[in-house]
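Since the structure comes first, as structure tokens, the remarks are kept for the end.
Protein chains in written order, with this note's numbering: chain P, 68 to 98; chain G, 68 to 230.
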């Protein structure tokens, strides 16, 4: 499997996925 | 220091830091690859990259310090944020992401870029390995910057409840 960080779009999409994961953690478990 | 001055400095330094990060990732990486192909890369590695890295790594330090001061002075609490306590949790996530990014700048990107740019001696194999580590650390910071910026501004606007 290709590393998504090798492309700029893969990096941006990875960042958006991480944002959703952290958002769910923040709203469900931390607030 | 007045809170507004600290916050202004924090955002100013943060724009410089993340702006240069995006320059590296969206412009310089691709530009250097094209320049290597036609043999014009020497000017970039000698004159552009070292200056960009100088502003980049020191802006990162200023951003972190002014951010730490802001957490205390704004009444959020540095420890509360990093322990993700209550209402300090959202900006605490941003603070953790920013701290990981600062670590990557000073302990992965800069030491490896020094080898790549010839600031410290390294053979070709060590340079190739250093370039890969620096590249992935830089890309990791670009990825982390997306949620980092969201959680940094959440404190002023509140965490939106979409679900």
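Where a beta carbon is used, it is the ideal one built from N, C-alpha and C, also for glycine. It should be emphasised that the depicted structure is a prediction, and the values quoted were computed from it without experimental measurement.
Which of helix, strand or coil DSSP assigns to residue 69/P:
If DSSP states are grouped into helix, strand and coil, residue 69/P belongs with coil.
Using the three-state DSSP reduction, which class does residue 142/G fall into: helix, strand or coil?
Residue 142/G falls in the coil class under three-state DSSP.
Between residue 226/G and chain P, is there a C-beta pair that is closer than 8 Å?
Cβ-Cβ to chain P under 8 Å: yes for residue 226/G.
Using a cut-off of 7 Å between C-beta atoms, extract the partners of residue 160/G located in chain P.
Listed along the chain, the chain P residues whose CB falls inside 7 Å of the CB of residue 160/G are 89 and 93.
Of the choices 217/G, 209/G and 223/G, whose alpha-carbon is the least far from that of residue 72/P?
In terms of CA proximity to residue 72/P, 209/G leads the group 217/G, 209/G and 223/G.
Inter-stretch contact (C-beta, 8 Å, three-pair minimum) for the segment 146 to 154 of chain G and the segment 109 to 123 of chain G
No contact exists between the segment 146 to 154 of chain G and the segment 109 to 123 of chain G.
If I'm right that residue 127/G touches residue 169/G with Cβ under 8 Å, what's the distance once you round it to whole angstroms?
In this structure residue 127/G touches residue 169/G by the C-beta definition: roughly 5 Å separates them, less than 8 Å.
Cβ of residue 156/G within 8 Å of any chain P Cβ:
True, the Cβ-Cβ gap to chain P drops below 8 Å.
Measuring CB atoms only, is the segment 82 to 94 of chain G touching the segment 112 to 127 of chain G, in the sense that at least three cross pairs come out at less than 8 Å?
Contact holds: three or more Cβ-Cβ distances are below 8 Å.
For residue 115/G and residue 183/G, I'd like the C-alpha separation in whole angstroms.
Each residue's Cα considered, the two are about 14 Å apart.
Does residue 210/G come within less than 8 Å of chain P when only Cβ atoms are used?
Closer than 8 Å to some Cβ of chain P, the Cβ of residue 210/G qualifies, so yes.
Between the segment 83 to 97 of chain P and the segment 96 to 103 of chain G, are three or more C-beta pairs nearer than 8 Å?
In short, these stretches do not touch, since the Cβ pair count stays below three.
Exposure label - residue 214/G; buried when at least 16 CB within 10 Å
Buried.
Could you have a look at residue 81/G and say whether DSSP puts it in helix, strand or coil?
DSSP places residue 81/G within a helical segment (H, G or I) once states are collapsed to three.
Below 8 Å between beta carbons: does that hold for residue 218/G and residue 142/G?
Remark: C-beta atoms of residue 218/G and residue 142/G do not approach each other more closely than 8 Å.
C-beta neighbour in chain P for residue 103/G, strict 8 Å
With a threshold of 8 Å between beta carbons, residue 103/G makes no contact with chain P.
For residue 18/G, which of 166/G, 172/G and 149/G has the nearest alpha-carbon?
Here chain G covers residues 68 to 230 and nothing more, so residue 18/G does not appear.
Report the option in 165/G, 186/G and 180/G whose CA atom is closest to the CA atom of residue 77/G.
Ranking the options by Cα distance to residue 77/G, first place goes to 165/G.
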